[in-house]
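**Student:**
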Amino acid sequence: MITSDSLPPSIGDRTRKFIKRHDVRMSFLYGSFFTLLFIFLGLSFYPKFMPKIMSEQMQNGKEVIVYFTVISAPIAGLVLGIALYTFLNRHKGDTPPPDGPAIRTNTPVILVWTVVSSLFCLVAIVWGLVEMNVASSEAAENEPNAIVVEVTGSQWVWNFNYPEYGFSTDKLNLPIDRPVVFRITSVDVNHSFWPVQLGVKVDANRYAVTTARTTPNVLGVIDIKCAELCGLYHAYMESEGEIMTAANFNSWVKAEGGHTA
Amino acid sequence: MTTFANKTQTAPKPGRSLITKLNMGTGLVVGIVSAEVMYWLSKSWFDINEAAEINKILTLSMFAWCIGFLVGIGAFIGPFRWLIGKDLTAEEHLYMAGEGQGISRYFKYCTDHKVVGIQYLVGVMTMLGVGGAMAMMIRTNLIQPGSRLVTPEIYNSLVGLHGITMIIALIVVSTGPFGNFILPIMIGARDMAFPRLNALSWWLLFTAIITLCSAWFFGGIPTGWTAYAPLSVQAGPGMNAFIVAIIIFAISSAIAGANITTTVVTMRAKGMNLTRIPIFVIGATISVAMAIPAFPTFMASQIMAAFDRTIGTGFYDANVGGSGWLYAHLFWIMGHPEVYVILIPGVAVLLEIAPVFVRKPLFSVNSAILGFAGIAGLSFLVWAHHMYISGWSPSLNGPFMVTTEMISIPTGLIFLVLLGTLWRGKPWLKLPMLGVYAFIWNFLIGGVTGIYLSDVPADDYLHGSMFVTAHFHYTLMGAALTGAIAGLAFWFPKMTGRMLHERAGYISFWMVQIGFNLIFLGMFAAGSQGQPRRVADYAQTFATSDLISTIGAYLTGTGMLVLLWAVIHSWRNGKIAPTNPWGSKTLEWTVPYPIPLENFHETPVVTSDGYGYGRSN
Ligand SMILES: [Cu+2]
Ligand SMILES: [Cu+2]
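As structure tokens, then:
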């Protein structure tokens with residue numbers, strides 16, 4: 161005769177028993193704390209460290225970090241929650257602790273873990289590919305309106321040539337909301353052209369021209385740095401620039417001795 | 158009869174064989190004399206006033222040093238005997254194994270794997286000390302904007318030589334000491350498969366390190382450890398030291414890799430089938446096996462750089478049909494697998510430690526192996542994520558982003574294995590076990606920031622910034638070095654016969670880990686704010702972040718000194734260790750100290766894996 165006692169416990173029963181366990185509850189509590197902490201750090205702490213965001217690329221770069229942090233927060237929380245619980249639940253004493261349960265494997269857990277981490281990976285990949293595609297299709301456009309700046313790195317200064325206006329200078333001023341195409345090269349070793357607030361970066365190589373495109377969309381000062389070790393004064397290979405209104409830009413061009421159309 | 162009994166106790170007497178007269182001292186003498194002779198000879202062949210000719214002279218002299226040292230220490234006596242159709246006598250063999258020679262065998266061309274393990278341990282600790290001191294100088298120079306304590310020239314050399322010293326140290330930090338000393342005992346072998354090659358791999362590494370240090374005398378290296386061309390081609394004579402050191406190191410690691418791999422494949426004790434191999438052995442083998450295809454490309458990249466510098470070949474000169482991108486490819490085809498060559502054995506040490514201190518079996522050994530194998534396989538397909546912003550065709554970035562992000566899946570499995578092992582356990586928080594927890598925290602941060610960087614839009618902003626520096630220190634130092642230090646605490650009783658000083662160990666652990674997190678959380682902030690890496694100076698904006706990093710660096714540095722004290726003190730007069738202080742079930746804990754020459758009096762027979770802890774629930 162089969163009574164309900166001799167049946168294996170139902171999934172519902174087992175789940176209820178599982179979530180009543182002290183270690184499960186505490187791990188969950190610690191895990192939730194870490195999850196919330198990371199979400200907070202991602203959403204409101206991290207962005208404070210970014211410089212002013214002055215282009216779509218820069219916005220994308222920031223969003224990747226903020227949202228990846230938020231998505232990965234529950235996984236990080238789970239890991240740290242379990243770790244912290246066992247850490248606090250430690251064995252004290254000078255002899256090895258008594259043996260724990262001999263759990264050698266657990267197929268459902270491994271499967272769920274693998275599927276979840278694969279999904280996380282998939283989200284990251286799709287996100288990256290989509291954003292990258294937006295960036296490169298924008299780059300593929302001809303942009304008849306674009307302003308071309310020829311950037312030349314040399315040990316240890318940047319030079320900016322504006323062929324359309326016929327002058328070159330060591331300042332990188334640009335008109336707001338107008339696409340810009342950088343054509344970048346070097347006269348000696350590798351440098352890396354980094355207009356920080358615009359969120360783009362491309363190496364400057366000798367005997368080669370590399371390209372970067374962006375559209376500055378906020379007024380303000382930008383810093384230009386070199387992001388590739390290029391010898392003695394690499395740290396001092398800096399320039400400044402400004403994103404300005406079209407009118408201000410035109411008067412700057414005139415002041416620099418360029419001709420406006 | 159009494160004389161016979163005495164004879165077995167003292168060192169074997171191989172007559173007046175040359176072998177008995179050679180040691181590190183004769184190696185140094187012959188090495189330096191060879192270098193000098195080559196220097197004077199080549200000075201008469203080449204014009205010392207021309208840059209390319211100086212490169213020829215120095216490169217030849219440095220190779221002469223390496224070969225001369227090996228000749229002087231007796232590395233080629235065996236092969237030479239083979240050449241003339243003889244071999245070493247049995248007594249000479251025994252002599253080379255160092256039996257009964259006390260301390261002096263550590264300064265000889267010794268074939269005992271335990272001696273080689275200790276040589277690696279001391280060598281690695283020296284390198285970490287030197288590299289760490291350079292890190293302290295770097296952080297001191299960056300304590301505030303405009304401090305300029307050292308010239309930019311010295312600063313760049315510090316950055317480059319800190320980098321390459323630490324990279325070489327970390328590549329061998331686990332597989333050198335533990336892979337040579339512990340691994341053969343773990344699998345029940347009497348020695349390594351090729352004992353003489355084992356000695357060769359260590360002494361080659363030794364000559365490479367000395368060569369690398371000589372860079373300081375020739376003006377340092379201006380390139381960072383990545384040694385990008387054309388900067389490396391244009392660089393001064395110090396660069397020759399870097400190039401020669403890398404070429405020698407690549408040979409050393411190929412030999413060590415072949416040796417460890419062969420040992421594990423062919424010399425396991427009876428009954429140790431694939432499912433019973435300890436996880437550290439698997440991790441170490443995967444690591445050294447990865448090094449075998451990876452480092453030759455590094456070597457090739459440096460040989461080409463040497464040709465560009467000495468005879469003007471122009472491999473990396475776009476003006477004559479070469480390309481700087483060729484260098485970047487060759488370098489990173491080595492460079493990315495290399496970070497996992499460093500990481501995997503460190504993690505494997507921790508996976509070996511966790512079951513012992515939680516008293517539970519390692520959770521899902523298969524997932525751990527799959528994780529290591531997946532990481533190892535993928536790591537050869539991701540190199541160009543270092544080149545997203547090189548200016549090459551952007552459409553090439555997509556595939557490399559996909560492969561790079563896929564590494565998060567096997568990496569996740571490693572976390573699962575650790576969590577499953579901890580789950581429902583009551584860990585014994587001895588020093589080795591603390592390393593497991595530090596690893597979980599550090600590698601989580603290192604791993605997640607790695608996912609940011611693998612994403613092209615984020616990398617466009619962060620590439621070449623301090624953010625990258627912080628990320629890879631979290632993986633290499635926070636994970637791999639933490640694993641190696643835990644391994645040292647774990648195996649110290651077996652390697653020295655004494656327990657590591659506990660209190661000093663704990664103090665050091667917390668100082669190092671808290672300091673470490675200060676350094677690199679500060680550096681993440683600086684990078685996010687837009688501070689490029691490898692800069693000798695920086696703007697006021699970054700002052701707070703950099704100050705935090707520097708304070709953290711001093712804390713870490715002091716903690717490391719405490720650890721050094723603990724190691725030296727315990728080695729000389731620490732508490733005598735029992736045979737199996739942690740109650741571990743792997744084979745190395747069955748042998749007594751001092752470990753007999755061929756490890757086991759009776760060959761062990763293995764009937765289960767080493768993780769049979771736990772009550773059946
Ligand atoms: Cu630079
Ligand atoms: Cu990489």
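Read top to bottom, the protein sequences are chains S and A. Everything in the first sequence is counted per my numbering, starting at 161 for the first residue and increasing by one. Everything in the second sequence is counted per my numbering, starting at 158 for the first residue and increasing by one. Where a beta carbon is used, it is the ideal one built from N, C-alpha and C, also for glycine.
Cβ of residue 613 (chain A) versus every heavy atom of ligand 2: is any distance shorter than 7 Å?
**Tutor:** Result no, Cβ not under 7 Å from ligand 2.
**Student:** Contact between the stretch 692-708 of chain A and the stretch 655-664 of chain A: three or more CB pairs below 8 Å?
**Tutor:** No: fewer than three Cβ pairs fall under 8 Å.
**Student:** For chain A, find out if any of its Cβ atoms is closer than 8 Å to the Cβ of residue 322 (chain S); answer yes or no.
**Tutor:** Residue 322 (chain S) does not count as touching chain A.
**Student:** Per DSSP, residue 423 (chain S) is paired with what?
**Tutor:** This structure gives no information on residue 423 (chain S), because the portion of chain S shown stretches from 161 to 421.
**Student:** Give the range of the beta strand (DSSP E) segment to which residue 203 (chain S) is assigned.
**Tutor:** Here residue 203 (chain S) belongs to no beta strand (DSSP E), and DSSP marks it neither H nor E.
**Student:** Counting pairs of beta carbons, one from the stretch 247-265 of chain A and one from the stretch 383-400 of chain A, are three or more of them closer than 8 Å?
**Tutor:** No, the stretch 247-265 of chain A is not in contact with the stretch 383-400 of chain A.
**Student:** So is residue 755 (chain A) in contact with chain S if we call contact Cβ pairs under 8 Å?
**Tutor:** It does not; no Cβ of chain S falls within 8 Å.
**Student:** In whole angstroms, what is the alpha-carbon distance linking residue 427 (chain A) and residue 762 (chain A)?
**Tutor:** Taking the straight line joining both Cα atoms gives about 5 Å.
**Student:** My output table needs one value for residue 192 (chain S): the three-state DSSP class, helix, strand or coil.
**Tutor:** Three-state DSSP puts residue 192 (chain S) in a helix.
**Student:** Determine, using beta carbons only, whether residue 505 (chain A) and residue 441 (chain A) come nearer to each other than 8 Å.
**Tutor:** Yes, Cβ-Cβ distance for residue 505 (chain A) and residue 441 (chain A) is below 8 Å.
**Student:** Closest to residue 407 (chain A) by C-alpha separation, out of A:362, A:388, A:420 and A:731, would be which residue?
**Tutor:** The candidate whose alpha carbon is nearest that of residue 407 (chain A) is A:362.
**Student:** Among the residues of its own chain, which have a CB less than 6 Å from the CB of residue 170 (chain S), if the five just before and after it don't count?
**Tutor:** Nothing listed; no residue qualifies.
**Student:** Just the C-alpha distance for residue 182 (chain A) and residue 360 (chain A), rounded to the nearest angstrom, thanks.
**Tutor:** Approximately 13 Å between the Cα atoms of the pair.
**Student:** Give a yes or no on contact between the stretch 570-582 of chain A and the stretch 515-526 of chain A, applying the rule of three or more CB pairs nearer than 8 Å.
**Tutor:** Touching, per the Cβ criterion.
**Student:** Assign residue 317 (chain A) to one of two classes, buried (16 or more other C-beta atoms within 10 Å of its C-beta) or exposed (fewer than that).
**Tutor:** Buried is the call here.
**Student:** Can you round the beta-carbon distance between residue 337 (chain S) and residue 547 (chain A) to whole angstroms, since I take them to be within the 8 Å contact cut?
**Tutor:** 29 Å between Cβ atoms; not a contact.
**Student:** Starting from residue 660 (chain A) and walking both ways along the alpha helix (DSSP H), at which residues does that stretch end?
**Tutor:** Start and end: 659-686.
**Student:** Among S:201, S:222, S:179 and S:247, which has the Cα closest to the Cα of residue 593 (chain A)?
**Tutor:** Here the closest residue by C-alpha is S:247.
**Student:** Measuring only from the beta carbon, is residue 763 (chain A) closer than 7 Å to any heavy atom that is part of ligand 2?
**Tutor:** No, ligand 2 has no heavy atom inside 7 Å of this Cβ.
**Student:** Taking the straight line between their C-alpha atoms, what separation do you get for residue 611 (chain A) and residue 225 (chain A)?
**Tutor:** Answer to the nearest angstrom: the Cα atoms are 45 Å apart.
**Student:** Taking DSSP as the reference, what is the three-state secondary structure of residue 404 (chain S)?
**Tutor:** Residue 404 (chain S): strand per DSSP, three-state reduction.
**Student:** Which chain A residues sit within Cβ distance under 8 Å of residue 247 (chain S)?
**Tutor:** Simply 584, 586 and 594.
**Student:** Could you name the residues of the same chain whose beta carbon sits closer than 7 Å to that of residue 613 (chain A), not counting the 5 residues immediately before and after it, in chain order?
**Tutor:** Contacts found: 545, 554 and 558.
**Student:** Considering only residues of the same chain and omitting the five flanking positions on each side of residue 324 (chain A), which have a CB-CB separation below 7 Å?
**Tutor:** The answer, listed in chain order, is 382.
**Student:** Give a single yes or no on whether residue 496 (chain A) has its beta carbon closer than 7 Å to a heavy atom of ligand 2.
**Tutor:** Yes; taking the cut-off as 7 Å, the Cβ of residue 496 (chain A) has a heavy atom of ligand 2 nearer than that.
**Student:** Using 8 Å as the threshold, is the C-beta distance between residue 230 (chain A) and residue 179 (chain A) below it?
**Tutor:** Contact flag set, yes.
**Student:** Exposed or buried, which one is residue 207 (chain A) when buried takes at least 16 other CB atoms within 10 Å?
**Tutor:** Exposed: under 16 other Cβ atoms inside 10 Å.
**Student:** Once DSSP output is grouped into helix, strand and coil, what is the label at residue 425 (chain A)?
**Tutor:** DSSP places residue 425 (chain A) in coil when its eight states are reduced to three.
**Student:** Residue 628 (chain A): beta carbon under 7 Å from a heavy atom of ligand 2?
**Tutor:** Because no heavy atom of ligand 2 lies under 7 Å away, the Cβ of residue 628 (chain A) does not count as near it: no.
**Student:** State the DSSP-derived secondary structure class of residue 164 (chain A), mapped to helix, strand or coil.
**Tutor:** Because residue 164 (chain A) carries a pLDDT of 37, less than 50, the predicted location of this residue cannot be relied on, and no value is offered for it.
**Student:** Contact between the stretch 720-728 of chain A and the stretch 661-674 of chain A: three or more CB pairs below 8 Å?
**Tutor:** Judged by Cβ distances under 8 Å, the stretch 720-728 of chain A makes contact with the stretch 661-674 of chain A, as three or more pairs qualify.
**Student:** If you reduce the DSSP assignment to three classes, tell me which class residue 755 (chain A) lands in.
**Tutor:** In the structure shown, residue 755 (chain A) sits in coil (DSSP, three-state: anything other than H, G, I, E or B).
**Student:** According to DSSP, is residue 380 (chain S) part of a helix, a strand, or is it coil?
**Tutor:** Reduced to three states, the DSSP call for residue 380 (chain S) is strand.
**Student:** Since residue 251 (chain S) sits in a beta bridge, which residues does DSSP pair it with?
**Tutor:** The partner list for residue 251 (chain S) (beta bridge, DSSP) reads A:585.
**Student:** For a minimum of 4 consecutive residues, which ranges assigned as the alpha helix (DSSP H) are wholly contained in the stretch 533-590 of chain A?
**Tutor:** Counting whole runs of 4 or more residues, the stretch 533-590 of chain A contains the alpha helix (DSSP H) stretches 554-563 and 565-579.
**Student:** Would residue 517 (chain A) and residue 199 (chain S) be called neighbours here (beta carbons separated by less than 8 Å)?
**Tutor:** The answer is no: Cβ separation not under 8 Å.
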